[in-house]
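For what it's worth, UniProt numbering labels the leading residue of the sequence shown as 1, then goes sequentially. The structure appears right after this line, and notes come after that.
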Amino acid sequence: MKNENKHTVLILGASGFLGNAIYKELCAYFRTFGTYRTAKREFEKNQHFFQYDVEEDDVVEIIEAVKPTIIVSALRGDFHAQVTAHKHISEYLQTNKNCKIIFISSANAFDAYSKFPSYELDKTFSNSIYGHFKIKVENMLLRLPKQQVVILRLPIVLGVQCPRIKEIQQHILEGTSVEIFPNVIMNVTTDSKITQQVHYIINRNKYGIFHLGSTDLVHHDEFIKDIVKLHTQKRVNFKHVFTTNEDRYLAVLPKYNLLPKHLQISSTQVLQELEKQHNS
């Protein structure tokens, strides 16, 4: 069933790997608009796409042109410029109560904790610049009325078009070493599962913090080796990177905002999906 009148969606960063997957999922069901930074013919010709550079352009101009009821933030680029953009979005949301933001955050909001996986209500704490940036935007948005905010904390997101898989393919092609982190315990997901989850969250009018990783945990080194096996039977060199001598968790697990079973995914299902995509 189509819901054209239900929502107008604006995806910031709709030309990126994840933003574009979300655009493709939603555009058949909602009035969906997106932004792109670098001119590509497919985006220039699409009337629903706006050129937007987070470092130079005013995001509010696009928001006021589209008048969205849902803003999905999948932006990449300069962190300082992104913080400013989200500050302007927050100000817009304060005066437009019928609009909601879905902010794509990261497991890196917890990368200073290493002993345990992280749950939705755990205190964020990061040692990385990337993690600090995500926390800063999260905290800004969490000061808004709670019904207007969805924060999606994601682990590694994989898919046939994702930069990580392309990088692995490049290493295989060139015979260079693939980096693996033997002591990192993480969870994983796919772009197609995230897009289904976002669709569900919009349809059911959900709000709050969601941890959208696989239901189980994997070691980084073993999982990357499994991905490499999907792409080649040849011997591949691996570069072992030890950031610590003990196991270190970088995983986001749900405890409070659980999605229905059909919207959950295991690491085995992630591999199966990658294999299917690779062979198709």
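Beta carbons are placed, not taken as given, at the ideal position from N, Cα and C, and that holds for glycine. It should be emphasised that the depicted structure is a prediction, and the values quoted were computed from it without experimental measurement.
With the cut-off set at 8 Å, would you say residue i and residue j are in Cβ contact?
i: serine 192; j: glycine 159; result: yes
i: alanine 74; j: glycine 19; result: yes
i: glutamate 273; j: leucine 230; result: no
i: glutamate 91; j: asparagine 257; result: no
i: phenylalanine 238; j: serine 177; result: yes
i: serine 126; j: asparagine 108; result: yes
i: valine 188; j: isoleucine 168; result: no
i: leucine 271; j: aspartate 216; result: no
i: isoleucine 62; j: phenylalanine 50; result: yes
i: valine 228; j: valine 236; result: yes
Buried or exposed: which applies to residue i, given that a residue is buried once 16 or more other Cβ atoms fall within 10 Å of its Cβ?
i: isoleucine 70; result: buried
i: histidine 220; result: buried
i: aspartate 53; result: exposed
i: asparagine 3; result: Its pLDDT being 44, under 50, asparagine 3 is placed unreliably in this model, and the value from its coordinates should be taken loosely. With fewer than 16 Cβ atoms within 10 Å of its Cβ, asparagine 3 is classed as exposed.
i: valine 241; result: exposed
i: threonine 38; result: exposed
i: lysine 100; result: buried
i: proline 163; result: exposed
i: phenylalanine 17; result: buried
i: glutamine 161; result: exposed
i: glutamine 147; result: exposed
Whose C-alpha, out of the options, is nearest the C-alpha of residue i?
i: lysine 7; options: Asn245, His219 and Ile202; result: Strictly speaking, residue 7 in this sequence is histidine, with lysine absent from that position. Nearest of Asn245, His219 and Ile202 to histidine 7, Cα basis: Ile202.
i: phenylalanine 116; options: Gln264, Asn279 and Asp247; result: Asp247
Expressed to the nearest angstrom, what Euclidean distance is found between the alpha-carbon atoms of residue i and residue j?
i: leucine 259; j: glutamate 138; result: 21 Å
i: methionine 1; j: phenylalanine 133; result: Per-residue confidence for methionine 1 stands at a pLDDT of 41, beneath the threshold of 50, marking its modelled position as unreliable; no derived number is given.
i: valine 150; j: isoleucine 209; result: 6 Å
i: leucine 253; j: lysine 24; result: 26 Å
i: cysteine 27; j: serine 128; result: 35 Å
i: serine 114; j: leucine 250; result: 7 Å
i: residue 313; j: alanine 21; result: This structure cannot settle anything about residue 313, because the visible part of the chain is limited to 1 through 280.
i: lysine 255; j: glutamate 174; result: 42 Å
i: arginine 204; j: valine 198; result: 10 Å
i: glutamine 170; j: threonine 190; result: 20 Å
i: glutamate 56; j: isoleucine 224; result: 37 Å
i: phenylalanine 181; j: serine 266; result: 20 Å
i: glutamine 196; j: glutamine 264; result: 10 Å
i: glutamine 269; j: valine 184; result: 20 Å
i: asparagine 245; j: glycine 131; result: 22 Å
i: aspartate 122; j: threonine 243; result: 23 Å
i: glycine 34; j: proline 68; result: 11 Å
i: histidine 262; j: tyrosine 207; result: 19 Å
With a threshold of 7 Å, establish whether the CB of residue i neighbours any heavy atom of the ligand PLP.
i: glutamate 25; result: The model depicted lacks the ligand PLP and carries no ligand whatsoever.
Between residue i and residue j, which are expected to be in contact by the criterion C-beta below 8 Å, what is the C-beta distance as a whole number of angstroms?
i: leucine 152; j: leucine 212; result: 6 Å
i: leucine 141; j: phenylalanine 103; result: 6 Å
i: valine 72; j: leucine 12; result: 7 Å
i: valine 9; j: arginine 31; result: 7 Å
i: threonine 95; j: phenylalanine 110; result: Contact flag wrong, Cβ pair sits at about 32 Å.
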